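Asks:
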Amino acid sequence: MRRFPYLSVINEAFAIVWAFVYFEASGRGGYFAPVIAVIAALAFVVGVASAVYRGWRGE
700 MRRFPYLSVI
710 NEAFAIVWAF
720 VYFEASGRGG
730 YFAPVIAVIA
740 ALAFVVGVAS
750 AVYRGWRGE
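Take any residue in the sequence shown, count from 1 to its spot, add 699: that is its number in this note's numbering.
1. Just tell me which of Val720, Ser749, Val747 and Val745 has its CA closest to the CA of Ile735.
2. Report buried or exposed for Ala750, applying the criterion of at least 16 other Cβ atoms within 10 angstroms of its Cβ.
3. I'd like the list of long-range same chain contacts for Val745, defined as Cβ closer than 6 angstroms, with 5 residues on each side in sequence excluded.
4. In whole angstroms, give me the CA-to-CA distance for Val737 and Arg756.
5. Measuring CB to CB, does Ile715 end up less than 7 angstroms from Ala739?
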(Lines of atoms letter the chains of each structure in order from A and count residues from 1; the text may use other names and numbers.)
(Lines give C-alpha, C1' and ligand atoms only; values in the text may rest on other atoms or scores of the structure.)
Protein backbone atom coordinates (compact mmCIF):
# COMPACT_ATOMS: atom_id res chain seq x y z
CA MET A 1 0.00 0.00 0.00
CA ARG A 2 3.00 2.29 0.16
CA ARG A 3 3.13 2.76 -3.59
CA PHE A 4 -0.61 3.14 -3.99
CA PRO A 5 -2.01 4.96 -0.94
CA TYR A 6 -5.25 5.74 -2.78
CA LEU A 7 -5.98 2.12 -3.70
CA SER A 8 -7.98 1.58 -0.51
CA VAL A 9 -10.05 4.69 -1.27
CA ILE A 10 -10.84 3.39 -4.76
CA ASN A 11 -11.87 0.00 -3.35
CA GLU A 12 -14.01 1.75 -0.75
CA ALA A 13 -15.72 3.84 -3.43
CA PHE A 14 -16.58 0.73 -5.47
CA ALA A 15 -17.97 -0.98 -2.38
CA ILE A 16 -20.11 2.07 -1.53
CA VAL A 17 -21.47 2.37 -5.06
CA TRP A 18 -22.22 -1.35 -5.26
CA ALA A 19 -23.99 -1.38 -1.90
CA PHE A 20 -26.09 1.68 -2.75
CA VAL A 21 -27.06 0.34 -6.20
CA TYR A 22 -27.89 -3.04 -4.70
CA PHE A 23 -30.18 -1.55 -2.08
CA GLU A 24 -31.88 0.73 -4.61
CA ALA A 25 -32.30 -2.03 -7.21
CA SER A 26 -33.59 -4.58 -4.75
CA GLY A 27 -36.23 -2.18 -3.45
CA ARG A 28 -35.18 -2.93 0.12
CA GLY A 29 -33.54 0.46 0.53
CA GLY A 30 -36.65 2.44 1.35
CA TYR A 31 -36.14 4.57 4.44
CA PHE A 32 -32.63 3.24 5.03
CA ALA A 33 -31.23 4.24 1.62
CA PRO A 34 -30.40 7.85 2.68
CA VAL A 35 -28.99 6.58 5.98
CA ILE A 36 -26.73 4.17 4.11
CA ALA A 37 -25.70 6.96 1.73
CA VAL A 38 -24.76 9.26 4.63
CA ILE A 39 -22.76 6.55 6.42
CA ALA A 40 -21.05 5.64 3.14
CA ALA A 41 -20.20 9.30 2.47
CA LEU A 42 -18.69 9.67 5.94
CA ALA A 43 -16.67 6.48 5.48
CA PHE A 44 -15.45 7.74 2.11
CA VAL A 45 -14.39 11.12 3.56
CA VAL A 46 -12.54 9.37 6.38
CA GLY A 47 -10.87 7.07 3.84
CA VAL A 48 -9.77 9.99 1.67
CA ALA A 49 -8.49 11.97 4.66
CA SER A 50 -6.60 8.93 5.90
CA ALA A 51 -5.01 8.27 2.49
CA VAL A 52 -4.04 11.93 2.07
CA TYR A 53 -2.56 12.02 5.57
CA ARG A 54 -0.59 8.82 4.97
CA GLY A 55 0.62 10.18 1.63
CA TRP A 56 1.61 13.48 3.26
CA ARG A 57 3.58 11.63 5.93
CA GLY A 58 5.29 9.62 3.22
CA GLU A 59 4.09 6.19 4.34
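For each residue, glycine too, the CB sits at the ideal point set by N, CA and C.
These numbers were taken from a predicted model, which means no experiment stands behind them.
Replies: So, from the data block:
1. Val720
2. Buried, by the Cβ-count rule.
3. No residues qualify anywhere along the chain.
4. 28 angstroms
5. yes
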